Amino acid sequence: MSEKPKNRVWARWVVLAAILLGLFLFFQFDLFGIKIGLGITPIMPHVYLPGEKLTETPLFGDFYITNTFVGLMLADLIVILIAIGVSRSVKSGKMVLTGISGAVEALLEMLYGITEGTAGKWTKQIFPWFATITLLVLAANWSGLIPGNETIGLIHEYEGHGYALEHFGPLTTIWDSGHAAAEGEAHGASYAVIPFMRPVSTDLNFTFALAVMAVLGIQYFGFKSQGWGYLTKFWNTKTLFSKPIFGFIDFGVGLLELISEFSKILSFAFRLFGNLFAGAVLIFVMGSLTKVFAPAMFYLLEFFVGLIQAIVFGMLTMVFMSQATQGHGGEHHEEAHA
Amino acid sequence: MEAEAAKLIGAGLAMIGAIGAGAGIGIVTSGAVQAMGRNPDATGTIQTNMILGIAFAEAVAIYCLVVALLILFVF
Numbered sequence: 389m390s391e392k393p394k395n396r397v398w399a400r401w402v403v404l405a406a407i408l409l410g411l412f413l414f415f416q417f418d419l420f421g422i423k424i425g426l427g428i429t430p431i432m433p434h435v436y437l438p439g440e441k442l443t444e445t446p447l448f449g450d451f452y453i454t455n456t457f458v459g460l461m462l463a464d465l466i467v468i469l470i471a472i473g474v475s476r477s478v479k480s481g482k483m484v485l486t487g488i489s490g491a492v493e494a495l496l497e498m499l500y501g502i503t504e505g506t507a508g509k510w511t512k513q514i515f516p517w518f519a520t521i522t523l524l525v526l527a528a529n530w531s532g533l534i535p536g537n538e539t540i541g542l543i544h545e546y547e548g549h550g551y552a553l554e555h556f557g558p559l560t561t562i563w564d565s566g567h568a569a570a571e572g573e574a575h576g577a578s579y580a581v582i583p584f585m586r587p588v589s590t591d592l593n594f595t596f597a598l599a600v601m602a603v604l605g606i607q608y609f610g611f612k613s614q615g616w617g618y619l620t621k622f623w624n625t626k627t628l629f630s631k632p633i634f635g636f637i638d639f640g641v642g643l644l645e646l647i648s649e650f651s652k653i654l655s656f657a658f659r660l661f662g663n664l665f666a667g668a669v670l671i672f673v674m675g676s677l678t679k680v681f682a683p684a685m686f687y688l689l690e691f692f693v694g695l696i697q698a699i700v701f702g703m704l705t706m707v708f709m710s711q712a713t714q715g716h717g718g719e720h721h722e723e724a725h726a
Numbered sequence: 023m024e025a026e027a028a029k030l031i032g033a034g035l036a037m038i039g040a041i042g043a044g045a046g047i048g049i050v051t052s053g054a055v056q057a058m059g060r061n062p063d064a065t066g067t068i069q070t071n072m073i074l075g076i077a078f079a080e081a082v083a084i085y086c087l088v089v090a091l092l093i094l095f096v097f
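Going down the list, the sequences are from chains S and B. Position 87 of the first sequence, counted from 1, bears residue number 475 in this note's numbering, the numbering being contiguous throughout. Position 53 of the second sequence, counted from 1, bears residue number 75 in this note's numbering, the numbering being contiguous throughout.
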């Protein structure tokens, strides 16, 4: 336990050094005629909606390595490393988990509690979906907050409002590009940066694929709990002739349910993508407008948005799954058969 | 009118839809907070349902946002 205060002091010096570095880089003070600081003006990076291709030639077929793909690999790696770490610390026999394992335990306990409250006897089957989606999306969202994530990358010529290239001593071209972009002089050929990595949640392909998986999982639980009777939710002809007018209404409601299954895919996909992509653009804009302190506040905001969106994606999947297992209207006698 | 200007105006107009979502989220949260004040024991359930409601209301604003972003950066 004696290590803890030592750690804190160390972190305090790092934060102080970072603040001084930021002030030195982005501001210029005039102290009795001596200029202190570089006074770099931040630039607005280019916003690309699709993931940018990192390679000219496709890996196979029409498959390019995009920077969001690298982001997905990073998120997967983080989840796998956390899983290995947690399983190791569980096997070590400690009663109380500490560090990251403790945080993961607390998160999973919370998720399990929510699932138990909603799904009832299906908790054991539905919980893995909830936890998997939440953990992967959480890792993907938070990986976007790692510094250098969307700033370090390849330089390429860019038509339009690019920025001039500037060589900055014998340093690597990666830093060059960042520096050149920071200068913001658009004369001659203009250049832009393709970042090596972008959080995968800002790619519509990922969120759409995840949404399709989630909705297929919802249908799976519907069929598992109710058998083929689940289809009467969508094609409800049971009361079409027995009840005069309400039968038709029930039939129409069934068709609307079918449409709502497809709109679930769209709303899942666009909710995650919209939130995270807008967050990335927000950080771009704030980082280019203000210099040192304000972007940190928006990083904090994005931290919460990433957590909330990950939990919302998983929780909506879980709630829809438990709704699918509960049957619909007058199908209770079928559930009794199964 | 230049296409660039029309794009900017269109993106701004697309975000008008966020008004409804904002009002919706406010109503949901005010209802949930009142309910929690009356019955603090039910906070857990209310919070879950509140987040779900907010997510649904927010989705509409996100559609607007996606449309605005598409207008700005894709077309």
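Ideal Cβ positions, reconstructed from N, Cα and C, are used throughout, including at glycine. What you are looking at is a predicted structure, and each value in this text was computed from that prediction instead of being measured.
Shown here, residue 681 of chain S sits in coil according to DSSP, grouped into three states, outside any helix or strand. A Cβ-Cβ separation of about 26 Å leaves residue 604 of chain S out of contact with residue 531 of chain S under the 8 Å criterion. Residue 44 of chain B and residue 85 of chain B have their C-alpha atoms some 13 Å from each other. In the three-state reduction of the DSSP assignment, residue 482 of chain S falls in the coil class, being assigned neither a helical nor a strand state. With contacts defined by Cβ atoms closer than 7 Å, residue 467 of chain S and residue 533 of chain S do not form a contacting pair. Any Cβ of chain S closer than 7 Å to the Cβ of residue 65 of chain B would place that residue at the interface, and such an atom is absent.
Burial check for residue 416 of chain S: the Cβ neighbour count within 10 Å stays below 16, so the residue is exposed. Residues of chain S with a Cβ closer than 9 Å to the Cβ of residue 43 of chain B do not exist; the shortest Cβ-Cβ separation is about 11 Å. Sequence-ordered contacts of the segment 689 to 718 of chain S with chain B read 696, 699, 700, 703, 704, 707 [C-beta pairs closer than 8 Å]. Collapsing the DSSP output to three states places residue 424 of chain S in a strand.
Closest by C-alpha distance to residue 472 of chain S, out of S/483, S/457, S/488, is S/488.
Contact between residue 665 of chain S and residue 91 of chain B holds, since their C-beta atoms are separated by about 6 Å, short of 8 Å. If you look at residue 609 of chain S, you'll find it in the alpha helix (DSSP H) that goes 592 to 614.
The contact set of residue 96 of chain B on chain S, defined by CB atoms closer than 9 Å, consists of 437, 438 in chain order. By the neighbour-count criterion, in which 16 or more other beta carbons inside 10 Å mark a residue as buried, residue 77 of chain B falls on the buried side.
In this structure, S/610 is the residue among S/610, S/492, S/620 with its C-alpha nearest to the C-alpha of residue 709 of chain S. Remark: C-beta atoms of residue 696 of chain S and residue 70 of chain B do not approach each other more closely than 7 Å. Not a single C-beta of chain S is nearer than 7 Å to the C-beta of residue 47 of chain B. Exclusion of the five residues before and after residue 83 of chain B leaves 40, 43 as the residues of its chain whose Cβ lies within less than 6 Å of its Cβ. Interface residue (Cβ-Cβ distance to chain S less than 7 Å): residue 70 of chain B is classified as such. By the beta-carbon neighbour count (other beta carbons within 10 angstroms, threshold 16), residue 61 of chain B is exposed.
A residue is called buried once 16 or more other Cβ atoms fall within 10 Å of its Cβ, and residue 499 of chain S is buried on that count. With 16 or more other CB atoms across the displayed protein chains lying within 10 angstroms of its CB, residue 614 of chain S is buried. Taking a contact as a CB-CB distance under 8 Å, the pair residue 624 of chain S and residue 634 of chain S does not count as one, their CB atoms being some 11 Å apart. Following the DSSP letters along the chain, one finds residue 419 of chain S inside the beta strand (DSSP E) bounded by residues 417 to 419.
Taking each of S/439, S/446, S/448, S/447 in turn and checking the Cα distance to residue 456 of chain S, the smallest one comes out for S/439. Scanning chain B for C-beta atoms nearer than 9 Å to the C-beta of residue 502 of chain S yields 66, 70, reported in chain order.
Exposure of residue 52 of chain B is indicated by the presence of fewer than 16 other C-beta atoms within 10 angstroms of its C-beta.
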